[in-house]
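> My questions will all concern the structure given below.
Residue numbers (this note's numbering), protein chains in the order written: chain H, 891 to 1075; chain Z, 891 to 1075.
Here it is as structure tokens:
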């Protein structure tokens, strides 16, 4: 923070991450692909043929996290690219019009006071490293791309994190969600 | 709300709004131009020669406004394009890194609990119609484009609104601000 960083996630035949599974939880899926790559910066590679590319921006500003929560997160979270973190998940998702129509305080209350999104996430740090990529204002087909990296032995904990978040009131507002599991050789 | 709408503001020789004055309050100015136009939608016109173009998005979601404030605003605010509103102002601005580094609750407290930005703005409704256009995540040279429309007899009230907002704690975080006054014939 706080310099916005452009992100391009490109799927196709190339890239360091092998797509090991695709689960479509809500809305339309994504075309199948063998591998994917995440590119940082203003000049993303061309999407290529027979593939897809999702664009977004990260590091612009916190949308719901408060100062106390930010301090707690900063004390424990880890960055991307740790050598033992050879597993990842990309979960593009969109929220409904009903979500985006809500004022800021109502969205915050749903996300944290009712759903404990930040508090639940904290329980899985530092094992799970995260990046939240925003797409809504860029006109992409998803509102967010969420990215997670973890070691193979932490995959059951990550599964548990997803199960808990998907059971929350906040997830009633998720209108599209595709989960890709990834492995780095 | 809540469908994001792309906006392009193009300055040059053409457009329904004549630029009557340009004031540079902080940071770099914008090149001089005679007229400007605001375009809504995904396919903005080419910027043209000897001109500038600013791109952004509006109607994506409220960033600080709460439900109570939103209801109060909705009861009194007017839309753009009212025939008597032949005066306008375009004020592109950016906030500092110190602002964007703050967590959500700290930015909200500065904006409203300390600076009364929303409450002050409410006092000038319905005379002043407003549109807030976001650019930060799109990588533009400004973080926001703010747009105001009012009748000629309401221009002194608008001047007063700007004077009060610029005296707030929130404005300590404004790093670039250019004010263009506009008239529609």
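Think of the CB as a built atom: it goes at the ideal place given N, C-alpha and C, for glycine as much as any other residue.
Any contact between the stretch 981-994 of chain H and the stretch 1055-1066 of chain Z? By contact I mean 3 or more CB pairs, one from each, below 8 Å.
They do not touch, by the three-pair rule.
> Look at the alpha carbon of residue 1002 of chain H and the alpha carbon of residue 946 of chain H, and state the distance between them as a whole number of angstroms.
For residue 1002 of chain H and residue 946 of chain H, the distance between alpha carbons rounds to 24 Å.
> Applying the 10 Å Cβ sphere with the 16-neighbour rule, what's the burial state of residue 961 of chain H?
Label assigned to residue 961 of chain H: exposed.
> On the three-state DSSP scale, how would you describe residue 1032 of chain H?
Residue 1032 of chain H: coil per DSSP, three-state reduction.
> Spell out whether any CB of chain Z is found under 8 Å from the CB atom of residue 883 of chain H.
Here chain H comprises residues numbered 891 to 1075, so residue 883 of chain H is not present and cannot be evaluated.
> Under 9 Å between beta-carbons, which chain H residues line up against residue 1037 of chain Z? List them in chain order, please.
In chain order: nothing, as chain H lies at least about 17 Å away.
> How about residue 953 of chain H: is its C-beta nearer than 8 Å to some C-beta of chain Z?
Cβ-Cβ to chain Z under 8 Å: yes for residue 953 of chain H.
> According to the Cβ coordinates, are residue 1028 of chain Z and residue 1027 of chain H closer than 8 Å?
Contact: yes.
> Taking C-beta pairs closer than 8 Å, name the residues in chain Z that residue 1079 of chain H reaches, listed in chain order.
Absent from the structure is residue 1079 of chain H, since the part of chain H shown begins at 891 and ends at 1075.
> Below 8 Å on the Cβ atoms is my guess for residue 900 of chain Z versus residue 943 of chain Z; work out the distance and round it to an integer in Å.
Right, the Cβ-Cβ distance comes to about 5 Å (below 8 Å), so this counts as a contact.
> So who's on the other strand from residue 960 of chain Z, going by DSSP bridges?
Per DSSP, none; premise fails for residue 960 of chain Z.
> Between the Cα of residue 1006 of chain Z and the Cα atoms of Z/1020, Z/966, Z/955, Z/916, which residue gives the shortest distance?
Considering only alpha carbons, the answer is Z/955.
> Can you list, in chain order, the residues of its chain whose CB lies under 8 Å from that of residue 919 of chain Z, leaving out five sequence neighbours each side?
Result list for residue 919 of chain Z: 912, 1068, in chain order.
> Hey, quick one: how far does the beta strand (DSSP E) through residue 1004 of chain Z stretch, first residue to last?
Unbroken run through residue 1004 of chain Z: none, as it is neither H nor E.
> Any beta carbon of chain Z sitting closer than 8 Å to that of residue 1028 of chain H?
Taking Cβ atoms only, chain Z reaches closer than 8 Å to residue 1028 of chain H, which makes this a yes.
> Kindly indicate which residue of Z/974, Z/978, Z/902 has the alpha-carbon position closest to the one of residue 1136 of chain Z.
Residue 1136 of chain Z cannot be examined here, being either before or after the span of chain Z that is shown, 891 to 1075.
> Answer with buried or exposed for residue 905 of chain H, where buried requires no fewer than 16 other C-beta atoms within 10 angstroms of its C-beta.
Residue 905 of chain H comes out buried.
> With respect to the beta strand (DSSP E) encompassing residue 1015 of chain Z, which residues constitute its N-terminal and C-terminal limits?
Taken as a continuous stretch (DSSP letters only), residue 1015 of chain Z belongs to no beta strand (DSSP E), as it is neither H nor E.
> Just the Cα atoms here: how many angstroms apart are residue 990 of chain H and residue 922 of chain H?
Each residue's Cα considered, the two are about 29 Å apart.
> Using the beta-carbon of each residue, which ones in chain H are nearer than 8 Å to residue 1020 of chain Z?
Neighbours of residue 1020 of chain Z on chain H: none; closest Cβ ~16 Å, over 8 Å.
> Helix or strand or just coil, what does DSSP make of residue 1070 of chain Z?
In the structure shown, residue 1070 of chain Z sits in a strand (DSSP, three-state: E or B).
> Any beta carbon from chain H within less than 8 Å of residue 894 of chain Z's own beta carbon?
Answer yes: the Cβ-Cβ gap between residue 894 of chain Z and chain H drops below 8 Å somewhere.
> For a contact meaning CB atoms closer than 7 Å, what does residue 996 of chain H contact in chain Z?
In chain order: 957.
> Answer yes or no: does any C-beta atom of chain H fall closer than 8 Å to that of residue 1024 of chain Z?
Yes, residue 1024 of chain Z counts as interfacial toward chain H.
> Less than 8 Å between CB atoms is the rule here; does residue 1005 of chain H satisfy it with respect to chain Z?
Closer than 8 Å: no.
> Where does residue 1039 of chain H land, buried or exposed, given buried means 16+ other C-beta within 10 angstroms?
Under this definition residue 1039 of chain H is a buried residue.
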